[in-house]
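Engineer: Submitted below is the structure of interest, expressed as structure tokens.
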Amino acid sequence: MKIEFNLPHRIEIIEPKKLIGFSITTSFQDDKTPIVWKKFMMRRNEITTRISNQLFSLQIYPENFTPNQIFTKYALAEVSDFDNIPNDFETFELESGKYLVFNYKGKAENGPELFRYIFQNFIPENQFEVDNRPHFEIFNDNYNPNDDSAEEEIWIPIK
4 MKIEFNLPHR IEIIEPKKLI GFSITTSFQD DKTPIVWKKF MMRRNEITTR
54 ISNQLFSLQI YPENFTPNQI FTKYALAEVS DFDNIPNDFE TFELESGKYL
104 VFNYKGKAEN GPELFRYIFQ NFIPENQFEV DNRPHFEIFN DNYNPNDDSA
154 EEEIWIPIK
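Under the working numbering, the first residue of the sequence shown carries the number 4, and numbering increases by one thereafter.
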């Protein structure tokens, strides 16, 4: 069954951001995303310098990434500065850059299908070139991955 996605999109230049949270090494086959998010959500109230209720699920892929490779996954929140970082939290500086941004509404379990569509259909058909920078999704504190009406933004770096 081929899923058709209605994906509103835009191109945006993101400003640099200071983020803190946790990371884990993972793969699509052995997805450890729930582990890093559980750790983050249990400790997010320790972050005193948050500047929004947005959360960042960020991926660092190796160059020429293929879906069976290992990559680094972050669970992050944006902060005003790195002055008061809770114990064990990691810092991450997101650099400014150009992104293709999709608004997605639906369950997280559709992710693999959705990303396959974006990378195999949408990007080549629209002649975008993916850049070797962090990929991330943004959603709010009350995001529920099992909810049909869950909303998130998917940010893909482009040249």
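Don't be surprised by glycine CBs; every beta carbon is placed ideally from N, CA and C.
(1) Grouping DSSP H, G and I as helix and E and B as strand, with all else coil, what is Gln32?
(2) Taking Cβ to Cβ, would you say Ile88 is nearer than 8 angstroms to Phe105?
(3) Using the three-state DSSP reduction, which class does Tyr107 fall into: helix, strand or coil?
(4) In this structure, does DSSP put Pro154 in helix, strand or coil?
(5) In the DSSP assignment, what are the bridge partners of Arg13?
(6) Under the three-state reduction of DSSP, which class applies to Leu22: helix, strand or coil?
(7) Is the distance from the Cβ of Tyr107 to the Cβ of Trp158 below 8 angstroms?
(8) When burial is assigned at 16 or more other CB atoms within 10 Å of the CB, is Pro19 buried or exposed?
(9) Give the straight-line distance between the Cα atoms of Asn48 and Asn67, rounded to the nearest whole angstrom.
(10) Tell me the rounded alpha-carbon separation between Asp34 and Asp84.
(11) Where does the unbroken beta strand (DSSP E) through Tyr77 begin, and where does it stop?
(12) Have a look at Gln130, Arg53 and Leu79 and flag the residue whose alpha-carbon is nearest the alpha-carbon of Phe164.
(13) When the Cα atoms are used, what is the spatial distance from Phe27 to Pro160?
(14) Using the Cβ count rule (16 or more neighbours within 10 Å means buried), how would you classify Ile141?
(15) Suppose you measure from the CA of Thr52 to the CA of Phe95; what does that come to, to the nearest Å?
(16) Do Phe59 and Val39 have their C-beta atoms closer together than 8 angstroms?
Structural biologist: With the structure as the only source:
(1) Translated into the one-based positions of the sequence shown, residue 32 becomes position 29. Residue state, collapsed to three classes: coil.
(2) One-based indexing of the sequence shown puts residue 88 at position 85. One-based indexing of the sequence shown puts residue 105 at position 102. Against a cut-off of 8 angstroms, the Cβ pair of Phe105 and Ile88 comes out as no contact.
(3) Numbered from 1 along the sequence shown, position 104 holds the residue referred to as residue 107. Here Tyr107 sits in strand by DSSP.
(4) Reading the sequence shown from its first residue, position 151 is the one you call residue 154. Note that residue 154 is Glu in the sequence shown, not Pro. Here Glu154 sits in strand by DSSP.
(5) Counting from one through the sequence shown, the residue named residue 13 turns up at place 10. Bridge partners of Arg13: Val104.
(6) On the sequence shown, residue 22 is found 19 positions in, with the first residue counted as 1. Three-state DSSP puts Leu22 in a strand.
(7) As a first step, residue 107 is located in the sequence shown; it is residue number 104 there, counting from the start. As a first step, residue 158 is located in the sequence shown; it is residue number 155 there, counting from the start. The answer is no: Cβ separation not under 8 angstroms.
(8) Numbered from its first residue, the sequence shown carries residue 19 at position 16. So Pro19 counts as exposed.
(9) The residue you call residue 48 lines up with position 45 of the sequence shown. The residue you call residue 67 lines up with position 64 of the sequence shown. Cα-Cα distance, rounded: 37 angstroms.
(10) Working through the sequence shown from its first residue, we reach residue 34 at position 31. Working through the sequence shown from its first residue, we reach residue 84 at position 81. Their backbone Cα atoms lie some 31 angstroms apart in a straight line.
(11) Within the sequence shown, numbered from 1, the residue matching residue 77 stands at position 74. Unbroken beta strand (DSSP E) run through Tyr77: Phe74 to Val82.
(12) For residue 164 there is no data in the structure shown, the boundaries of the chain being 4 and 162.
(13) Working through the sequence shown from its first residue, we reach residue 27 at position 24. Working through the sequence shown from its first residue, we reach residue 160 at position 157. What sits at residue 27 in the sequence shown is Ile, not Phe. Straight-line Cα distance between these residues: approximately 21 angstroms.
(14) On the sequence shown, residue 141 is found 138 positions in, with the first residue counted as 1. That one is buried.
(15) Within the sequence shown, numbered from 1, the residue matching residue 52 stands at position 49. Within the sequence shown, numbered from 1, the residue matching residue 95 stands at position 92. Each residue's Cα considered, the two are about 14 angstroms apart.
(16) On the sequence shown, residue 59 is found 56 positions in, with the first residue counted as 1. On the sequence shown, residue 39 is found 36 positions in, with the first residue counted as 1. No, the Cβ-Cβ distance between Phe59 and Val39 is not below 8 angstroms.
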